[in-house]
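To get this note's numbering, take the position in the sequence shown, counting from 1, and add 73.
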Amino acid sequence: MNQSVFFTTETIANFLLQYGKKSTSKDYEFIIAVMLKNYCEKQWGERCKIGFEFKPTLLAKLPRKDTFELELERVAELLRDGINEDTPIDCIIVPENPDEKGYFRGCGFQIKRFGIGQETVDTNSLIEFINSLKHKYSKSDTCLVIIFDGKKGEVEFPRVKNEIDASNFPFRRLMFGWRQDNKIYFGEIHPEYGIEEYNPRDIIA
Numbered sequence: 074m075n076q077s078v079f080f081t082t083e084t085i086a087n088f089l090l091q092y093g094k095k096s097t098s099k100d101y102e103f104i105i106a107v108m109l110k111n112y113c114e115k116q117w118g119e120r121c122k123i124g125f126e127f128k129p130t131l132l133a134k135l136p137r138k139d140t141f142e143l144e145l146e147r148v149a150e151l152l153r154d155g156i157n158e159d160t161p162i163d164c165i166i167v168p169e170n171p172d173e174k175g176y177f178r179g180c181g182f183q184i185k186r187f188g189i190g191q192e193t194v195d196t197n198s199l200i201e202f203i204n205s206l207k208h209k210y211s212k213s214d215t216c217l218v219i220i221f222d223g224k225k226g227e228v229e230f231p232r233v234k235n236e237i238d239a240s241n242f243p244f245r246r247l248m249f250g251w252r253q254d255n256k257i258y259f260g261e262i263h264p265e266y267g268i269e270e271y272n273p274r275d276i277i278a
């Protein structure tokens, strides 16, 4: 059984500064997790925290609570070797404070890069990729976030929304993120539709 442990933005930022590899490595998921946390804070209107699912073998000696302070070296060990890769959840974003019933209700996100090695991505290949996911994943409450690798190209998002097989889409939500012209864009295509522009300092800070 896996357990989620939550970290602050500052802890993950310090980890990336001291132990980080290139953004083309697995570290891009940590960077996107920070962006998602800030995005959720703007959407929900409350402070949030970032969680990852870990293997229980590396958590046995940790304090029995979901948020705690660790030395950066121990954080690096957990983030490098302890994350469970056999789960559809890459990160979890929850409010810092529980609801009136004492529960931390948030969202689990799976992060996928699209268009690796391509100069640009196009609408047809994106729709084909999204519709292929129904053969790979079971229905869940996880939200899918597709990060464009390289240039976004001329993706027709209204067409993507209309042509994906929404009835068989296995994720709760479909979101996109990319960087272009010194701006960061995050948007949701399914079930709602909307894209917002952010200054990188505002969403990563």
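All C-beta atoms in this analysis are idealised placements derived from N, C-alpha and C, irrespective of residue type, glycine included.
Status (buried if at least 16 other CB within 10 Å, exposed otherwise) for residue i
{"i": "Tyr112", "result": "buried"}
{"i": "Gly181", "result": "buried"}
{"i": "Thr140", "result": "Residue placement at Thr140 is poorly supported in this model, since its pLDDT is 48, which falls under 50; the coordinates still yield a value, given next. Exposed, by the Cβ-count rule."}
{"i": "Gln183", "result": "buried"}
{"i": "Glu102", "result": "buried"}
{"i": "Ile189", "result": "exposed"}
{"i": "Gly124", "result": "buried"}
{"i": "Glu270", "result": "exposed"}
{"i": "Asp214", "result": "exposed"}
{"i": "Tyr266", "result": "exposed"}
{"i": "Gly280", "result": "What is shown of the chain runs 74 to 278, which leaves residue 280 out entirely."}
{"i": "Ala133", "result": "exposed"}
{"i": "Asp163", "result": "buried"}
{"i": "Lys122", "result": "buried"}
Cβ neighbours of residue i in the same chain (closer than 7 Å, five flanking residues each side left out)
{"i": "Lys212", "result": "Pro243"}
{"i": "Ile149", "result": "Ile is not the amino acid found at residue 149; the sequence shown has Ala there. Around Ala149: Phe88, Tyr92."}
{"i": "Thr84", "result": "Val148"}
Cβ neighbours of residue i in the same chain (closer than 6 Å, five flanking residues each side left out)
{"i": "Ser198", "result": "none"}
{"i": "Ile219", "result": "Lys185, Phe187, Phe249"}
{"i": "Glu119", "result": "Pro168"}
{"i": "Thr160", "result": "Glu126"}
{"i": "Val78", "result": "Phe127"}
{"i": "Thr82", "result": "Val107"}
Per DSSP, cross-strand counterpart(s) of residue i
{"i": "Met108", "result": "The partner list for Met108 (beta bridge, DSSP) is empty, contrary to what the question assumes."}
{"i": "Glu126", "result": "Ser77"}
{"i": "Glu270", "result": "Tyr258"}
{"i": "Met166", "result": "What sits at residue 166 in the sequence shown is Ile, not Met. Ile123, Cys180, per the DSSP bridge assignment."}
{"i": "Leu89", "result": "Bridge partners of Leu89: none, in fact."}
{"i": "Ala237", "result": "A small correction: the amino acid at residue 237 is Ile; Ala does not occupy that position in the sequence shown. Beta-bridge pairing links Ile237 to no other residue."}
{"i": "Trp251", "result": "Tyr258"}
{"i": "Arg246", "result": "Cys216"}
Whole-number beta carbon distance between residue j and residue i, since they are thought to touch under 8 Å
{"i": "Ile203", "j": "Ile257", "result": "Actually they are not in contact, since the Cβ atoms of Ile203 and Ile257 sit about 21 Å apart, beyond 8 Å."}
{"i": "Trp143", "j": "Gln91", "result": "Checking the displayed sequence, the identity of residue 143 turns out to be Leu instead of Trp. So it is not a contact: roughly 14 Å between Cβ atoms."}
{"i": "Ile166", "j": "Lys115", "result": "That pair is no contact at about 12 Å."}
{"i": "Thr193", "j": "Arg232", "result": "Contact flag wrong, Cβ pair sits at about 16 Å."}
{"i": "Ile268", "j": "Phe230", "result": "7 Å"}
{"i": "Leu131", "j": "Leu151", "result": "6 Å"}
{"i": "Pro302", "j": "Gln191", "result": "The question about residue 302 has no answer, for the chain in this structure spans 74 to 278."}
Contact set for residue i: own chain, Cβ-Cβ below 8 Å, skip 5 residues either direction
{"i": "His263", "result": "Lys234, Ile237, Ala239, Phe242, Arg246, Leu247"}
{"i": "Arg252", "result": "Tyr258, Pro273"}
{"i": "Ala86", "result": "Val107"}
{"i": "Trp117", "result": "Pro168"}
{"i": "Ile200", "result": "Arg232, Val233, Glu236, Ile237"}
Residue ranges of each beta strand (DSSP E) run of no fewer than 3 residues wholly in the segment 175–222, ordered along the chain? If we require 3 residues or more, the beta strand (DSSP E) runs fully inside the segment 175–222 come out as 180–187, 216–221.
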